[in-house]
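Structure first, then comments.
In this note's numbering, the protein residues as written are 668 to 965.
As structure tokens, this is what we get:
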């Protein structure tokens, strides 16, 4: 029994050691790429906006932190996102505008920076994109599944709905939309669309008429976007960093700084924190899915 328990303890310690070593490797890789969380002197802040934009809080926390740090002379937003929620995109856009008042904000687009991703980019001072970056997709979409027949015919389940007003269950998956439902939701979509167009016009210093020519939901390559004035320069992340260093007066190789949120779930959390707490954290993120979205839809 003693030998068996020793084996179990040994395997556990080795597993923990491997996880810890892996986390060190990940950290080392980020540092070796030139981005660190521990540097002194004048720096360029780097914020990554990857994936769907549904929760603005983590990104805005980084922007707020870096705009208040006097050692950060410029901020580069690395965007690789097809967009996301209307509200979340607008909140990040607003925070970028605040930061822009005190220091240059440069955007580097990755493979995709479309719809809500482009909405955020439009608030910056300058946008860099690769020639093949997919961007644009200026528009609003709302998707409502209709499953009444599935519940009724397949499962024999019918729903009784009690509501305070005729629009309270608009978009419900268990009944067909009426014409009034569609018109009401379409009004929401068009108002959100107008806000999108206005934000781009303001950020890019274009007229609303100019923006609307291309604001039909279509996408562009980075090269096409530059031709119509939606992108400033063709270049990669390093080009964006070089430009940020130049306009902020940093001489030589700039130090890059990326704020690390101490509240982010890590490997150590999974080893030490109560499972129910981790589940709660996940559910908060998973249940905040918006109806109206600035997102690219293929």
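By construction, the Cβ of each residue, glycine as well, lies at the ideal position given by its N, Cα and C atoms.
Between the alpha carbons of residue i and residue j, how many angstroms are there, rounded?
| i | j | result |
| --- | --- | --- |
| residue 860 | residue 806 | 6 Å |
| residue 960 | residue 723 | 14 Å |
| residue 785 | residue 824 | 43 Å |
| residue 766 | residue 848 | 40 Å |
| residue 885 | residue 708 | 43 Å |
| residue 733 | residue 834 | 43 Å |
| residue 711 | residue 880 | 35 Å |
| residue 920 | residue 741 | 14 Å |
| residue 926 | residue 752 | 24 Å |
| residue 737 | residue 883 | 41 Å |
| residue 775 | residue 892 | 14 Å |
| residue 911 | residue 922 | 11 Å |
| residue 777 | residue 863 | 21 Å |
| residue 739 | residue 872 | 26 Å |
| residue 762 | residue 818 | 44 Å |
| residue 683 | residue 821 | Only weak support is given to the placement of residue 683: the predicted model assigns it a pLDDT of 45, under 50, and the question is left unresolved by the model. |
| residue 773 | residue 746 | 11 Å |
Residue i lies in the alpha helix (DSSP H); which residues open and close that run?
| i | result |
| --- | --- |
| residue 778 | Counting along the chain, residue 778 falls outside any alpha helix (DSSP H), though it belongs to the beta strand (DSSP E) covering 772 to 781. |
| residue 727 | 724 to 735 |
| residue 764 | 753 to 767 |
| residue 910 | 904 to 914 |
| residue 803 | Careful: residue 803 lies outside any alpha helix (DSSP H), inside the beta strand (DSSP E) at 801 to 803. |
| residue 893 | 889 to 894 |
Under the rule that 16 or more other beta-carbon atoms within 10 Å means buried, what is residue i, buried or exposed?
| i | result |
| --- | --- |
| residue 963 | buried |
| residue 798 | exposed |
| residue 924 | buried |
| residue 811 | exposed |
| residue 897 | buried |
| residue 832 | exposed |
| residue 801 | buried |
| residue 875 | exposed |
| residue 867 | buried |
Going by the beta-carbon positions, is the gap between residue i and residue j smaller than 9 Å?
| i | j | result |
| --- | --- | --- |
| residue 770 | residue 815 | no |
| residue 900 | residue 793 | yes |
| residue 889 | residue 791 | no |
| residue 928 | residue 725 | yes |
| residue 744 | residue 714 | yes |
| residue 837 | residue 856 | no |
| residue 887 | residue 803 | yes |
| residue 756 | residue 731 | no |
| residue 780 | residue 796 | yes |
Determine which residues share a DSSP beta bridge with residue i and list them.
| i | result |
| --- | --- |
| residue 872 | Bridge partners of residue 872: none, in fact. |
| residue 748 | 780 |
| residue 920 | Looking at the DSSP assignment, residue 920 forms no beta bridge with any residue, so it has no partner. |
| residue 741 | 711 |
| residue 835 | Residue 835 pairs with nothing; no bridge assigned. |
| residue 815 | None, per the DSSP bridge assignment. |
| residue 900 | 795 |
Residue i lies in the beta strand (DSSP E); which residues open and close that run?
| i | result |
| --- | --- |
| residue 882 | Where residue 882 is concerned, there is no enclosing beta strand (DSSP E), given that its DSSP letter is neither H nor E. |
| residue 712 | 710 to 717 |
| residue 961 | 960 to 962 |
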